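Residue numbers (this note's numbering), protein chains in the order written: chain A, 1 to 320; chain B, 1001 to 1320.
All remarks here apply to the structure that follows.
There are 2 protein chains.
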Amino acid sequence: MTPPAAPSTASSAPLRILITGSAGFVGSHLVERFLGEGHTVIGVDNYISGQPQNTALFLGHPHFRFLEADVVQGIPYGGEPLDWVMHFASPASPPHYQQYPIETLMVGAQGTQNGLELAHRHGARFFLASTSEVYGDPLVHPQPETYWGNVNPNGVRSCYDEGKRYAEAITMAYHRTLGVDTRIIRIFNTYGPRMRLDDGRVITNFVDQALRGEPLTIYGNGSQTRSFQYIDDLVEGISRLMAVAYHEPVNLGNPDEYTMLNLVEVMEGVLGRTLELRYEPLPGDDPKKRKPDITVAGTLLRWKPQVQLEVGLTRTLERL
Amino acid sequence: MTPPAAPSTASSAPLRILITGSAGFVGSHLVERFLGEGHTVIGVDNYISGQPQNTALFLGHPHFRFLEADVVQGIPYGGEPLDWVMHFASPASPPHYQQYPIETLMVGAQGTQNGLELAHRHGARFFLASTSEVYGDPLVHPQPETYWGNVNPNGVRSCYDEGKRYAEAITMAYHRTLGVDTRIIRIFNTYGPRMRLDDGRVITNFVDQALRGEPLTIYGNGSQTRSFQYIDDLVEGISRLMAVAYHEPVNLGNPDEYTMLNLVEVMEGVLGRTLELRYEPLPGDDPKKRKPDITVAGTLLRWKPQVQLEVGLTRTLERL
């Protein structure tokens, strides 16, 4: 791993950190990182999209404690004062949030607010996991944080997009009105070990199909592009932002773009074999193209993605 | 009043209608209309921006009942089955919602959801008062309902804009997921009797200044435009939409544009005297220009605004 070139949780005194969504893909990597740095972690999840095996990984750790709870109903923590409340709970992939639209909206509104209230009561800092989906179907490329987005407020994806936009708005309202010390990140497409193979995204689809020996599905002619951030880069950016007093949203993502056919070539290199392809028509709701402008993270956190796609895919396949 | 040219609540059997925000400007006009048509109305308000005198108007009416409650905490209605739950509760003018940003967000999220839950339990229909503010600072003029808007998700106005966008999203989620029979309107700038003179908008500012004998404040050179809908036109559109099964948002507003100096001339005509003006620099956050595309309401409801500005201003001044 790249040693931090800027202040981060790696160099801080031991912290007590509550993470909602601790059994999710990103949440579980935060738990791992913070425990490894000597911090105490309280994980909270209701397993609506998180996975019990991601809790089991840490249950034996002396500084880890787990609360099974739906943060929409409240966060049943009554222990010693917290330093951070980090709100990462939410269904985050289209198949999951479209299965649970009302729950997804609620974890953006009541869930975020319960986290903010807990942070406020403890004098703790609050960290919101927002998303590149707040940009919707962007008309500006790449997207800087100042871009306001192009989001359908009542379409089938709005449960996630509008839930997260609301989460940002209420986070800023608690910051401005009650002085809660807040952070907001907008996470772009991220992959790595422990991602769910049923999340419907292209890397997980390809990995799943390659491991099953099935042909990889290419929609359209495969020339559409995506960018992919390895989970460790995201976690490093989060850790650095925790050490900086900055309250506006910060993009964390990898701006390198790959066509679907480029991605197949990289996977073939990693797996050491040729992969068969199956072409299908582009679906009507093909996911939008988004690419982060990471100038703010670069300037503020001296952060940029370090893990090349070949390396990240290799690590992902090793630890699936 | 123009007789309805299309089905509306005027021709329906007696209904039992619960209205949140019944003591607000728009809410109180709905109460008046529905009681006048023979329906039963249950009003709910917590007076955060509504006014007790708007409840007092109807307290003696045999078909009116009032519940003082914060709909964010729940709607304490336990009576006979409702036909409609109409969610009009929210601070709605910039000075009010910026004074109560967290409450404004909550009435958009928990308040809307409590209304949806009540409607779902009663098998009632649900009517959401949304707003032209969901278009933010629009890049398209006029704004059709299909325009997705240009809204800052975390600026100082986001408590209202994002609260209402969330309200639309959760209304559609209840419609799609649970089959609740819903309606959504987007209300553009509306004026009339019982508007609060401290709401910070230009008509109320001008009326207030004219009645006090003070000069009217013109920001900039007075050439910027606004459009103004008289309350009775809005209420007629609401009543007609209740008679039609249409679930997508519908704009209700008056597309006629007036410059600030045109508005002064109309007021001078209504008041029969010349008004003194005082010019001040344009503020940095001058309210955005918005103008409704009302094609959908015209086609669907055979609705268009009937009340000219001169007439509406005369009625407003008579009944202040």
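In this text, a Cβ means the ideal position worked out from N, Cα and C, and glycines have one as well.
Keep in mind that this is a model prediction, so the values were computed, not measured.
Is the beta carbon of residue 190/A less than 8 Å from the beta carbon of residue 71/A?
no
CB contact below 8 Å: residue 1084/B versus chain A:
no
Using the beta-carbon count (16 or more within 10 Å), is residue 85/A buried or exposed?
buried
Identify every residue that forms a DSSP beta bridge with residue 1279/B.
1218/B
Against chain A: residues of the stretch 1227-1249 of chain B by CB proximity under 7 Å
1249
Do three or more CB pairs link the stretch 241-260 of chain A to the stretch 293-301 of chain A at distances below 8 Å?
yes
Quick one: list the residues of chain B neighbouring residue 172/A, beta-carbon separation under 9 Å, in chain order.
Below the 9 Å Cβ cutoff, chain B contributes 1101, 1153, 1154, 1155, 1156, 1158, 1159 as neighbours of residue 172/A, in chain order.
Tell whether a beta-carbon distance below 8 Å holds between residue 1030/B and residue 1088/B.
yes
Check whether the Cβ of residue 1105/B lies closer than 8 Å to any Cβ atom in chain A.
yes
Considering just the uninterrupted stretch of the alpha helix (DSSP H) at residue 206/A, what are its terminal residues?
202-212 is the extent of the alpha helix (DSSP H) around residue 206/A.
Need the endpoints of the alpha helix (DSSP H) that residue 101/A sits in, please.
101-106
Sequence-distant residues of the same chain with beta carbon closer than 8 Å to residue 168/A, five excluded per side:
128, 130, 134, 184, 249
Just to check my reading of the structure: residue 1010/B and residue 1037/B have Cβ atoms closer than 8 Å, yes? What is that Cβ distance to the nearest angstrom?
About 5 Å separates the beta carbons of residue 1010/B and residue 1037/B, which is inside the 8 Å limit, making them a contact pair.
Run through DSSP, which three-state label would residue 91/A get?
coil
Within-8 Å CB hit, residue 69/A to chain B
no
With a CB to CB cut of under 6 Å and the five nearest residues on each side skipped, what residues in its chain are close to residue 1204/B?
Excluding sequence neighbours, residue 1204/B sits near 1195, 1197.
State the beta-bridge partners of residue 143/A as determined by DSSP.
292/A
Alpha-carbon spacing of residue 154/A relative to residue 247/A, whole angstroms
28 Å
Three-state secondary structure (DSSP) at residue 68/A?
strand
Given that residue 1136/B touches chain A, what residues does it touch there, using C-beta distances under 9 Å?
148
Taking Cβ positions only, does residue 1165/B come closer than 8 Å to chain A?
yes
Name the chain A residues whose beta carbon is nearer than 8 Å to that of residue 1051/B?
The contacting residues do not exist; residue 1051/B stays about 24 Å from chain A at best.
Test: residue 169/A CB closer than 8 Å to a CB of chain B:
yes
For chain B, is any of its Cβ atoms less than 8 Å away from the one on residue 109/A?
yes
Give the straight-line distance between the Cα atoms of residue 158/A and residue 152/A, rounded to the nearest whole angstrom.
Going by C-alpha positions, residue 158/A is about 6 Å away from residue 152/A.
Are the beta-carbon atoms belonging to residue 95/A and residue 200/A less than 8 Å from one another?
yes
Terminal residues of the beta strand (DSSP E) in which residue 1249/B lies:
1249-1252
Any idea which residues DSSP pairs residue 1228/B with across the strands?
According to DSSP, residue 1228/B bridges with nothing at all.
Which stretch, first to last residue, makes up the alpha helix (DSSP H) that contains residue 176/A?
158-178 is the extent of the alpha helix (DSSP H) around residue 176/A.
Quickly, what does DSSP pair residue 239/A with across the bridge? List them, please.
Looking at the DSSP assignment, residue 239/A forms no beta bridge with any residue, so it has no partner.
Taking Cβ-Cβ distances shorter than 8 Å, what residues in chain A pair up with residue 1177/B?
Simply 101, 102.
So, is residue 273/A buried or exposed, given that buried needs 16 or more other C-beta atoms within 10 angstroms?
exposed
8 Å is my cut-off, CB to CB: does residue 162/A come that close to chain B?
yes
Taking the beta carbon of residue 141/A as the centre, do at least 16 other beta carbons fall within 10 Å, making it buried, or is it exposed?
exposed
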